[in-house]
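For the sequence shown, the numbering used here gives the first residue as 240, with consecutive numbering after it. Idealized CB from N, CA, C, for every residue including glycine.
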Amino acid sequence: MITVADILALPAFEQVQPLVLCEGAESREVHNVGILDCAPDKDGGYESYIPGEFIVTNLGFAHDDPELSERSLLVLIARGISGIALKKAYRPIVSDRVRAASEAAGVPMYLYDGGYHEVVAYQALDLIRRDSEQSDKGRIMDGLLSGHDPHAARAALYELAGATGSTVQCIAASPKADDECSLYAMLDAMTVVLAEFKRDWDDVVEAVFAFRYHGALLALVSYAQPPAGVRTRSESDLTMRLLAAGQVHLGVGEETPLSDGDMSVREALAALKTAQVEGDRVVCWADLHHDAFRAAANEGRLFWRTAALHRALLEEHDDAHGTELAATAEAVARAYGDLRLAAEALHQHPNTVRYRLRKAKDVLGMPDSPDREFAFLLGLVYLDYTNPLLQP
240 MITVADILAL
250 PAFEQVQPLV
260 LCEGAESREV
270 HNVGILDCAP
280 DKDGGYESYI
290 PGEFIVTNLG
300 FAHDDPELSE
310 RSLLVLIARG
320 ISGIALKKAY
330 RPIVSDRVRA
340 ASEAAGVPMY
350 LYDGGYHEVV
360 AYQALDLIRR
370 DSEQSDKGRI
380 MDGLLSGHDP
390 HAARAALYEL
400 AGATGSTVQC
410 IAASPKADDE
420 CSLYAMLDAM
430 TVVLAEFKRD
440 WDDVVEAVFA
450 FRYHGALLAL
460 VSYAQPPAGV
470 RTRSESDLTM
480 RLLAAGQVHL
490 GVGEETPLSD
500 GDMSVREALA
510 ALKTAQVEGD
520 RVVCWADLHH
530 DAFRAAANEG
540 RLFWRTAALH
550 RALLEEHDDA
560 HGTELAATAE
570 AVARAYGDLR
580 LAAEALHQHP
590 NTVRYRLRKA
600 KDVLGMPDSP
610 DREFAFLLGL
620 VYLDYTNPLL
630 QP
């Protein structure tokens with residue numbers, strides 16, 4: 240989806256000054272980009288402009304006529320467009336009435352310096368076209384990640400990347416700048432890097448491909464059956480090339496058989512999330528440890544339903560008896576069973592924590608469970624709650 244913010248981030252907009260800001264203005268979706276170059280009576284009341292269209296103009300056709308400028312902008316705003324960018328070259332006139340209508344309709348207005356309208360329109364329409372193409376690839380990936388079918392995985396990876404090799408590896412990337420232009424600029428750079436990487440490792444690399452997947456970029460590398468040592472060196476080389484291509488976070492999945500390619504994608508996305516949260520430039524799935532198990536467990540609906548059931552039993556007891564068993568159990572889980580640390584976090588005496596744990600065992604029907612076993616269970620029950628990737 241292309242938004243007003245994405246359009247304003249185009250290179251053609253050299254300087255942008257907000258004229259009328261509306262709540263959620265820059266997140267408004269943009270379906271098309273048009274140029275306003277005539278009065279409304281010459282276009283049937285601007286019938287050719289569609290809702291969701293972003294309009295660029297300098298109001299030059301108004302020839303400094305305040306009434307015509309006002310009437311043109313009011314009719315345009317009423318069309319339900321996504322936003323208006325006024326080029327400052329002709330000092331466009333924007334009346335208070337237009338400002339009020341713009342704010343009331345939620346249609347943001349901007350003043351800008353930069354390229355000709357045709358340049359803005361070309362860049363914007365190219366961005367919208369690429370977004371549509373990449374969305375099609377994203378839907379294929381959504382299908383790949385919706386379940387696990389070895390035959391479907393092979394078919395999807397062939398459709399996406401022409402992959403027919405023995406194994407596949409995914410690297411997920413996101414530029415540090417959060418806009419579609421930066422995303423597509425990085426996609427272009429990544430495509431060049433992958434082509435050069437395949438050329439230099441042609442004896443082991445069978446196919447390469449990069450595309451946008453929601454707010455990230457995915458690089459897929461299909462390998463022939465190289466020795467493990469060679470593949471390790473090639474992975475390190477590719478990672479360094481991608482890091483050199485721009486300011487990005489990288490998440491590196493493991494190499495998997497082609498039929499398990501969805502697993503490498505899941506791993507890469509989870510590693511990327513860790514890299515973004517912790518501010519690291521690159522994180523490998525093999526380095527996630529606890530977070531890797533959390534991400535893996537997150538794929539299991541039955542696991543989370545079971546964990547939620549256990550939490551609910553403790554919370555219901557707390558509500559009925561005014562106890563704090565749930566908070567205590569979570570603190571013990573966060574402390575990996577260390578009752579002293581849990582007590583410090585709760586500002587309680589360790590004996591109070593021990594007493595509450597005995598009550599929690601009774602509530603969950605495990606009165607004879609050893610403390611170590613019960614602490615292990617609580618680690619599973621509160622696995623999602625102790626995930627640092629989900630903490631504010």
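- Rounded to the nearest whole angstrom, the CA to CA distance from L489 to T296 is 40 Å.
- T591 sits in a helix when the DSSP states are folded into three classes.
- Of the residues assessed, M605 falls on the exposed side of the cut-off, its CB having fewer than 16 other CB atoms within 10 angstroms.
- Annotation note: the region 305–337 contains the following uninterrupted alpha helix (DSSP H) runs of length 4 or greater, listed N- to C-terminal: 305–317.
- Contact between Q515 and F450 does not hold, since their C-beta atoms are separated by about 19 Å, which reaches or exceeds 8 Å.
- DSSP places Y351 within a strand segment (E or B) once states are collapsed to three.
- In this structure, DSSP gives I241 a state outside helix and strand, which the three-state scheme calls coil.
- Residue environment: L260 is assigned as exposed (fewer than 16 neighbouring CB atoms within 10 Å of its CB, all protein chains considered).
- Segment contact: the region 454–462 against the region 403–415, three or more CB-CB distances shorter than 8 Å; contact assigned.
- Membership of S461 in the beta strand (DSSP E) is indicated by the continuous run 455–462.
- Around L511, the same chain offers A411, A412, S413, A455, H488, L489, G490, V522 as residues with beta carbons nearer than 8 Å, after the five sequence neighbours per side are excluded.
- Excluding the 5 residues flanking it on each side, P305 has same chain C-beta neighbours closer than 7 Å at I332, S334, in chain order.
- A402 and V447 have their alpha carbons spaced roughly 8 Å apart.
- Per DSSP, P414 is one residue of the beta strand (DSSP E) stretching across 406–414.
- Taken atom to atom, the span from the alpha-carbon of Y351 to that of T430 is near 32 Å.
- The alpha helix (DSSP H) runs lying completely inside the region 503–572 and spanning 4 residues or more are 529–536, 540–560, given in chain order.
- Around the beta carbon of P279, 16 or more other beta carbons lie within 10 angstroms, which makes this residue buried.
- Minimum Cα-Cα distance from A568 among the listed residues W543, L481, T495, K600 corresponds to K600.
- Of the residues assessed, G273 falls on the buried side of the cut-off, its CB having 16 or more other CB atoms within 10 angstroms.
- Under the three-state reduction of DSSP output, T430 falls in the helix class.
- With at least 16 other beta carbons inside 10 angstroms of its own, L578 counts as buried.
- Secondary structure of P606 (DSSP, three-state): coil.
- The region 491–502 and the region 391–401 touch, with no fewer than 3 CB-CB distances between them shorter than 8 Å.
- Residue pairing of R451 in beta bridges, as defined by DSSP: L456.
- Just so you know, the alpha carbons of A547 and E517 end up roughly 27 Å apart.
- A direct Cα-to-Cα measurement between L564 and L585 gives close to 11 Å.
- With respect to the 9 Å criterion, L617 and G576 are classified as neighbours on the basis of their beta carbons.
- Distance from F293 to I320 at the Cβ level is roughly 7 Å; contact confirmed, criterion being Cβ atoms closer than 8 Å.
- Separation of A434 and M479 (C-alpha to C-alpha, rounded to the nearest whole angstrom) is 15 Å.
- Residue state for V444 is assigned as strand, using DSSP reduced to three classes.
- As DSSP reads the structure, P257 sits in a beta bridge with Y349.
- Around the beta carbon of T545, fewer than 16 other beta carbons lie within 10 angstroms, which makes this residue exposed.
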